[in-house]
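Novice: First the structure, then my questions, so here it is.
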Amino acid sequence: MSRAYRVSIRGSVRRVVHVEDGVCGAIELLPIVSRERTSELLAAALEARGFTVDAGRARRDEGEGVSIEVDLATGEVRITAEREQQIEVERERTGSVYEENDVKGRAKLQERLDRDLEREAREAAERSRETLTKALEKRLADVREELDRVSARVAAEALKEKARSLGEIEELREDAETGELTIKVRV
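Residue numbers 32 to 218, in the working numbering, belong to the letters of the sequence shown in order.
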């Protein structure tokens with residue numbers, strides 16, 4: 032006759048997970064002046080807003096693992112968020128075996144414990160990913176508004192240059208609040 036023994040097994044999983052998320056978009060750049068000149072105007076406008084310009088790209092770190100990168104030639108914008116997080120999961124599983132040295136029973140118990148630990152580690156990584164996505168979404172609205180202002184500034188500067196190339200500017204009025212720009216040119 033077999034006797035039942037209660038066996039407890041402990042296990043843990045420790046991992047560092049790297050999670051990242053991102054979105055892509057574009058700054059609308061109107062073809063008022065040459066593409067090269069538009070890129071230069073865009074670089075200047077972004078530098079004025081704290082971006083670092085290098086090798087045809089403007090980049091700024093926003094904190095909390097969020098960064099913005101703009102391709103100056105195409106106006107393509109990439110906003111990314113990334114983070115590394117330590118995940119630790121510990122569990123204990125108790126079960127019955129029918130012999131004191133029941134290897135198969137202990138192995139099944141260990142297998143169930145490992146499966147549970149793995150599932151919980153994946154869930155913790157997914158929660159970390161969701162937290163990162165929320166941080167990115169929170170910054171996205173502010174960044175979009177800022178990049179719209181940059182686009183308007185680039186268009187205004189390009190229009191001023193175009194007007195100068197057409198003739199003598201008689202009157203120039205600009206309303207920073209509304210973005211309205213009026214240029215009178217004598218041709």
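All C-beta atoms, glycine included, are put in the ideal place defined by N, C-alpha and C.
Between which two residues does the beta strand (DSSP E) containing residue 97 stretch?
Specialist: Numbered from 1 along the sequence shown, position 66 holds the residue referred to as residue 97. Start and end: 97 to 102.
Novice: Report the partner residues of residue 206 according to the DSSP bridge assignment.
Specialist: To locate residue 206, count along the sequence shown from 1; it is residue 175. In the DSSP output, where bridge partners are listed per residue, residue 206 has 211.
Novice: Note the first and the last residue of the continuous beta strand (DSSP E) segment covering residue 111.
Specialist: Within the sequence shown, numbered from 1, the residue matching residue 111 stands at position 80. From DSSP, the beta strand (DSSP E) with residue 111 extends over 107 to 128.
Novice: Quick check: the stretch 167 to 179 against the stretch 101 to 116, are at least 3 beta-carbon pairs closer than 8 Å?
Specialist: These segments touch.
Novice: Would you say residue 42 and residue 163 are within 7 Å of each other, going by their C-beta atoms?
Specialist: In the sequence shown, counting from the first residue as 1, residue 42 sits at position 11. In the sequence shown, counting from the first residue as 1, residue 163 sits at position 132. No, they are not a contact pair.
Novice: Within 10 Å of its beta-carbon, does residue 70 have 16 or more other beta-carbons around it, so buried, or fewer, so exposed?
Specialist: Taking the sequence shown and counting its residues from 1, one reaches residue 70 at position 39. Looking at its Cβ environment, which holds 16 or more other Cβ atoms inside 10 Å, residue 70 is buried.
Novice: For residue 200 and residue 217, what's the separation of their Cα atoms in angstroms?
Specialist: Residue mapping note: residue 200 aligns to position 169 of the sequence shown, counting from 1. Residue mapping note: residue 217 aligns to position 186 of the sequence shown, counting from 1. Taking the straight line from one Cα to the other gives about 6 Å.
Novice: Can you tell me which of the three DSSP states residue 85 falls into?
Specialist: Indexing the sequence shown from 1 puts residue 85 at position 54. In this structure, residue 85 counts as strand in the three-state DSSP scheme.
Novice: Would you kindly work out how many angstroms separate the C-alpha atoms of residue 100 and residue 161, rounded to a whole number?
Specialist: The residue given as residue 100 occupies position 69 in the sequence shown. The residue given as residue 161 occupies position 130 in the sequence shown. Rounded to the nearest angstrom, the two C-alpha atoms are 22 Å apart.
Novice: Any idea what DSSP makes of residue 136, helix, strand or coil?
Specialist: Along the sequence shown, read from residue 1 onward, the residue named residue 136 stands at position 105. Helix.
Novice: Tell me whether residue 174 sits in a helix, a strand or coil according to DSSP, three-state version.
Specialist: The count along the sequence shown starts at 1 and reaches residue 174 at position 143. Correct three-state label for residue 174: helix.
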